[in-house]
Amino acid sequence: MELEFFIKNFANWTSGNEIIDNFIQEKQLKHERYSAVFEWIPYDKFIEIKGIGKTIATAIWKEGPLKYYKNDEEWIRSSSYKEVILRFLYDSENITDEFINKVNSYLLEYEENYGISQNPDTKDYVLVFSKESFESFCCKKCGDIYKYDYEDYKDYYYQDKDKEYKWCKSCHINHLKNNFTNWASGNEKIDNFIQQKQVNIKTSFDLIFEWIPFNEFIEIKEIGKGGFSVAIWKEGPLCYNIIEKEWMKKSYKNVVLKYLSNLQNITDELLNEATVLYDSYGISQNPNTKDYILVIRHEYYKKYCGKCDKEYIKPDHNWCESCQINYLKNNFINWSSGNENIDEFIQKMQLKISNESSNVFEWIPYNEFIDIKEIGYTTAIRKEGRLYFDTNKMRWMRTTYEKVCLKYLSQEDTDEFINKDESSLTNEICYGVSQNPITKDYILVFKNDYFVDYCEKCGSKYENTSCNNEYCENKHRWCKCRSEYLKNDFTNWTSGNGEFDSLIQKYQLKYNGHSTVFEWIPYDKFININKIGEGGLAIAIWKDGPLYYNYLNRKYKRKLNKKVLLKYLSNSQNINNKFLSEINYFIEEGYGISQDPNTKDYILILQLKYYCEKCGKKYDNEFEINNKSCILCQINHDDKKINDFIQEMRLNIDHNASNSIIFEWIPYDQFDDIKEIGKGGFSIVYSAIWKDGSLCHIAGDWERETNKKVALKCLHNSQNFLDEFINKVKAYPNQIIDNILKIYGISQNPDTKDYIMVLEYAEGGNFNNYLDKNYENFDWFNGLRVLRDVFNGLSKIHQKQMIHRDLHIGNILFTKIPYDSCYKPYFSDSIFYIEFLKRAGQKYEVRDSACVSDMELCRRIGDINETNIYGVIPYVAPEVLKGKPYTQAADIYSFGMIMYVIATGRQPFINCAHDEILILNIYNGIRPEVNEQLVPKCYIDLMKRCWDSNPNNRPNSIEINEMIELFYSSLDQEFKKEQQHYEVEKQFKETQEYRKENFLSLKNNKSAIHAQAVYTSRLLNPFTKKLS
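Counting with the working numbering, you get residues 806 to 1833 for the letters of the sequence shown.
Written out as structure tokens, the structure is:
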């Protein structure tokens, strides 16, 4: 359509130049729908032309740009007398490919380029731009597009500043070029070098390299030995102030002068090498010596060593490695250990010092130590303390009275530490070597916390492995040499069976300090043995308790009087492979093996944390472990049916899944602040505060949401129909499903004996609340979101091969959910998720989410044998009223009526009695009337298909879902739309406008509810007799 418009219009204009015409036509054929058209603009269409730069002017374009307006479906010039920018292309009479390329380079990418014109007097071509776009992306002075390449900047801050203040590189360089005639060094090579440096600047923050007359420097003082001086530069460096947009000099600037002595033959290579090495302001020359001088930023003084002119490894730390190593070398003569090998080793270690934080490895006289104590390892106070370099005071200093660790070496250890790779002793952890003058033992001196990470016995670094053991105080203090204790203890025990002894020894040698030691445990070590459950299980107290390695004291210890589980292995006197395999299976959660002296049966001693104390069953999930009881033992209701039912509900869920609901028996005294909030056909609903609150699954753990607001649905006389009550509860899913109301458990009123369903509290209220709140400010997008929520809940029910059987707006409730759901997968309850966001201090907004409730009549397909019909007449499918079984298609009929309520804001058949006559009318095809000006045709079509009298003609869930998603995404401003979305969007917007324009008349014509219209569920059989 657009291409056809442009092609037809080609004959209505010409620039007078074929190349220009072709260029414009090519741009038009690539036109993007919502942007202005690139066109030929006669020069006389411009008025009030005012120059603002050498090639730039502002003007008023009388006609204004041409755009396509979709709603009007035509091309319109809606912005007449539009202010624009003109860029004059001087000397452009001759059109060449090079000229066209230049024009393309001036055009703004993705922005509004209006077209080309021509000055009839000068014949110069003129580019026409949107003023807003041009001023955002181009320099008003020279017209060049701003360019800020990140590679040219030190970081984003400087790049953002240049962008913010619209710094123009081209103008900047032109200013410097124009200034070339105002200075000269007297040397052509120097001049060319400086000019080249100036035109190569990339940002407004770059130093401007200059020729600086020597008489500009005052207070010149020599520093160091590398030909350096400090001075004050009177005039100071040239800088561009991007805020004031002017060139400035920072007067009386501290600088460093680097003399380039004997630089007779100046080359570009020498100059480049000198300027790359230092951040430089420019070059000067001493008029007496003729030496050239590099003028360097004063920060150089802090960056380089004043003694040797070498750059510090860490500029902010004033550390010169070569100078400090020379200091240590010169100090070699001032100390000796008395052992040439030791001296050589210490000297080698000292010369490896690499930074100011390194400690100097030294010979330390023994009399330097006081307060020597042995605590598994030896500590002492070193009077003089370690030697280190203070970068602030720029000199070597010592700490005083520093606590250290001493490791005594035997003669063999001494030879080993001298001969092995010294990398195992770093200056960070080892301060040096000493010698006990009495025993002659050499001593390694370590920092005080050395033995936190290293074994004091063998010197090895502790294994860096995680520890989940209840006895582990530190995660990084295990050394394999600790297993020697267990190995040496092998001779002190025996099971009396060689195979068992070998098995136990094998596991002990694998011990890694993270758990308890697997042992042979004599039977007389157990007291208070009580059998539990079935399968040869017992609870007992193990007097000695399990053996474990205590990291704090670096010793093996026992946990006395430990409660354990005994698993008797009946008929286990004969050891075979099967028996050994069973032991291997339990080894990770076991303390060891014992034997009953009477029966000779072997016994596995197991950790009780993995087993239920009441019945001995092994836990299946974290929920059981955390509650220290298996699922079956957690439930202890007096009524066996209730007990069995809750067990069934709990056993049918995945306790490790975040969307599971832990179904509970909730004592009635757990509820506070009980208030009646509604009545239905068969129940009364109350709100209440559940003190303990529901269990919520958060990132692997179950936590209770205390003082949780819930709904209590009390079913009349349910104590007399317990089986029926249980079936109603079973209709609810035992997992969290979006848009279906959650059930947390059941309770019982101790006074009325009525059983109670404990349900999620719908903070957003019921559907009538929604209608009241949204009627006057009806918005299709929100209405479709509600519709989508309802259908999502219904489709989840259908996916489980269930039928709701009582779907109407009285059973649609609204909960609150956060808009932002980035953390939602970790939370089993949106209310708990909101609480998490509050605690985290994160901002969030909530919206109403529609949920399907009243699941009591829900049944599985093929499991519906009832002849009774329950529901609200306008929502019940005609075939059901006739007595046919409920099907999922009957739910679709009910959903169609909910579509009607959302679209019109009123109940179906609101103005007539809900009796036999209405049922006959429904069966004969009568449906609620729809104002087609209020509701889009696409919406009506889907709604009427859902209402179809023939259930086989009603759409299935997939079709409905596709249509609702099409409706919703068409109004979603963030959705990337296709043609079909625009057509649907148009229908919805037209009906939305009609509602706004006719709001008062629609409100005045709103029907009152008929006295015999009933919108709560009830038994309908008395009204359907005429159909039978």
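Ideal Cβ positions, reconstructed from N, Cα and C, are used throughout, including at glycine.
No experiment lies behind these values; they were computed from the predicted model shown.
CB contact flag (residue i, residue j, <8 angstroms)
i	j	result
Tyr1728	Pro1683	yes
Tyr1680	His1613	yes
Val889	Val931	no
Tyr1316	Val1322	yes
Ile852	Ala862	no
Leu1065	Ile1025	no
Ile1028	Ala1036	no
Gly1569	Lys1621	yes
Thr1796	Pro1741	yes
Ile881	Lys887	no
Arg1191	Arg1203	yes
Tyr1388	Leu1308	With the sequence shown as reference, residue 1388 is identified as Ile, and Tyr is not the correct amino acid for it. Contact: yes.
Asp1474	Ile1494	no
Tyr1361	Tyr1290	yes
Val1369	Leu1342	no
Ile999	Gly1087	yes
Beta-bridge pairing of residue i - partner residues as DSSP gives them
i	result
Phe851	Trp866
Arg1203	Leu1192
Val842	DSSP lists no partner for Val842.
Met1053	Cys1044
Asn1251	Just to set this straight, residue 1251 is Phe in the shown sequence, not Asn. According to DSSP, Phe1251 bridges with Cys1210 and Cys1235.
Arg1102	Val1060
Tyr1799	According to DSSP, Tyr1799 bridges with nothing at all.
Arg1732	Partner(s): none; Arg1732 has no beta bridge.
Trp1016	Ile1088
Gln1240	Tyr1247
Gly1740	What sits at residue 1740 in the sequence shown is Val, not Gly. In the DSSP output, where bridge partners are listed per residue, Val1740 has none listed.
Gly1676	Arg1823
Ser1812	Its beta-bridge partners do not exist; DSSP assigns none.
Trp1752	Paired residues: none, contrary to the question.
Asp1653	Lys1621
Glu1167	Gly1237
Ala1493	Val1515
Reference residue i; option with closest CA among the options
i	options	result
Asp1594	Arg1610, Asp1577, Phe1572 and Lys1605	Phe1572
Tyr970	Tyr1416, Lys1336, Tyr961 and Ser1009	Ser1009
Ile1561	Lys1026, Gln1540, Ile1531 and Trp1585	Ile1531
Lys1578	Pro1042, Arg1610 and Gly1710	Gly1710
Trp1283	Gly1301, Asp1258, Asn1302 and Phe1295	Asp1258
Asn1376	Ile1392, Lys1605 and Gln1400	Gln1400
Ile824	Ile900, Phe810 and Lys936	Ile900
Tyr1373	Lys1360, Lys1405 and Lys1601	Lys1405
Arg892	Cys1286, Ser885 and Tyr911	Tyr911
Trp972	Trp1201, Lys1050 and Phe985	Lys1050
Glu1779	Phe1586, Leu1592 and Ile1814	Phe1586
Cys976	Cys944, Asp967, Gln1003 and Glu1802	Cys944
Ala1818	Gln964, Lys1687, Cys1717 and Gly1730	Cys1717
Ser941	Lys928, Leu913 and Val1677	Leu913
Integer Cβ distance of residue i from residue j, believed to fall under 8 angstroms
i	j	result
Lys1782	Ser1775	7 angstroms
Phe1428	Ile1467	7 angstroms
Val1209	Phe1251	6 angstroms
Val1534	Leu1564	No, Val1534 and Leu1564 are not in contact; Cβ-Cβ is about 10 angstroms, not under 8 angstroms.
Cys1663	Ile1707	In fact, because the Cβ distance is near 23 angstroms, the residues do not count as touching under 8 angstroms.
Asp1653	Phe1619	4 angstroms
Glu1394	Leu1411	6 angstroms
Ile1344	Phe1331	No, Ile1344 and Phe1331 are not in contact; Cβ-Cβ is about 10 angstroms, not under 8 angstroms.
Item to check | Completely contained alpha helix (DSSP H) runs for the stretch 1335 to 1397, where each covers 4 or more residues | outcome: Annotation note: the stretch 1335 to 1397 contains the following uninterrupted alpha helix (DSSP H) runs of length 4 or greater, listed N- to C-terminal: 1382 to 1391.
Checklist entry - Taking the runs of the alpha helix (DSSP H) that are 4 residues or longer, which of them lie wholly in the stretch 1128 to 1162? => result Complete alpha helix (DSSP H) runs here, min 4: 1145 to 1155.
Checklist entry - Mind pulling the alpha helix (DSSP H) runs of 4 or more residues that sit fully within the stretch 915 to 959? => result Here the runs fully enclosed are 936 to 942.
Item to check | Completely contained alpha helix (DSSP H) runs for the stretch 1551 to 1607, where each covers 4 or more residues | outcome: Listed in chain order, they are 1572 to 1579 and 1585 to 1604.
Checklist entry - Quick one: complete alpha helix (DSSP H) runs, 4+ long, within the stretch 1281 to 1325? => result Within the stretch 1281 to 1325, the runs of alpha helix (DSSP H) that reach at least 4 residues and sit entirely inside it are, in chain order, 1288 to 1293 and 1303 to 1314.
Next on the checklist: As an exercise, report each continuous alpha helix (DSSP H) stretch of at least 4 residues that is fully enclosed by the stretch 1516 to 1556, in chain order.
Outcome noted: Complete alpha helix (DSSP H) runs here, min 4: 1527 to 1535.
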